[in-house]
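Novice: Residue numbers (my numbering): 126 to 272. Just so it is clear, CB atoms sit at the ideal spot from N, CA and C, and this is done for glycine as well.
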Ligand SMILES: [Zn+2]
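1. Can the beta-carbon of residue 253 be found closer than 9 Å to that of residue 219?
2. Considering only their Cβ atoms, is the gap separating residue 210 from residue 198 smaller than 9 Å?
3. Is it true that the CB of residue 151 sits closer than 9 Å to the CB of residue 191?
4. Once DSSP output is grouped into helix, strand and coil, what is the label at residue 128?
5. Could you tell me if the beta carbon of residue 268 falls within a distance shorter than 8 Å of some heavy atom in ligand 1?
6. Are there 16 or more other CB atoms within 10 angstroms of the CB of residue 177, so buried, or fewer, so exposed?
7. From the DSSP output, read off the bridge partner residues of residue 197.
8. Only counting the same chain, and skipping five residues up and downstream in sequence, which positions put a Cβ closer than 6 Å to that of residue 162?
9. What is the DSSP secondary structure of residue 153, reduced to helix, strand or coil?
Structural data, given as structure tokens:
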């Protein structure tokens with residue numbers, strides 16, 4: 126029964142998202158100098174930043190990465206343009222997202238593709254972290270009610 130609710134919630138979000146796919150995640154690397162590799166970028170912004178830093182630091186800075194970020198503690202956004210990036214959530218990531226969405230009066234907006242993507246990232250973790258299942262179920266119910 127509960128599995129079915131989560132499954133339905135996922136389906137609703139997938140339908141709403143239509144063909145929205147978040148871009149993969151990139152970061153900057155250099156053999157010549159220390160860089161903050163915790164900064165996440167979309168490809169376009171990573172390329173721009175690499176050029177700027179290469180000039181500024183007089184070191185060869187290049188674009189690294191190019192895949193979905195696995196087990197992230199927060200949702201992943203491009204540092205420059207703020208676009209949502211391709212990611213999956215860790216247990217603590219799911220927990221903080223649930224804290225946010227299960228707060229009283231938080232609106233579940235299924236017309237926002239990025240929100241739908243976040244819901245999918247959360248609901249996809251059903252059964253991954255068993256202690257969170259009850260709260261995941263609550264979110265799935267809220268999604269069904271907001272349809
Ligand atoms: Zn960007």
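Specialist: Quick look at the numbers:
1. Against a cut-off of 9 Å, the Cβ pair of residue 219 and residue 253 comes out as a contact.
2. Their beta carbons are not under 9 Å apart, which means residue 198 does not touch residue 210 by this criterion.
3. Between residue 191 and residue 151, the CB-CB gap stays under 9 Å.
4. Residue 128 carries a helical assignment under DSSP once its states are collapsed to helix, strand and coil.
5. Every heavy atom of ligand 1 is 8 Å or more from the Cβ of residue 268, so no.
6. With fewer than 16 other Cβ atoms from the protein chains shown falling within 10 Å of its own Cβ, residue 177 counts as exposed.
7. Residue 197 is bridged to 214.
8. Hits under 6 Å: 152.
9. Correct three-state label for residue 153: strand.
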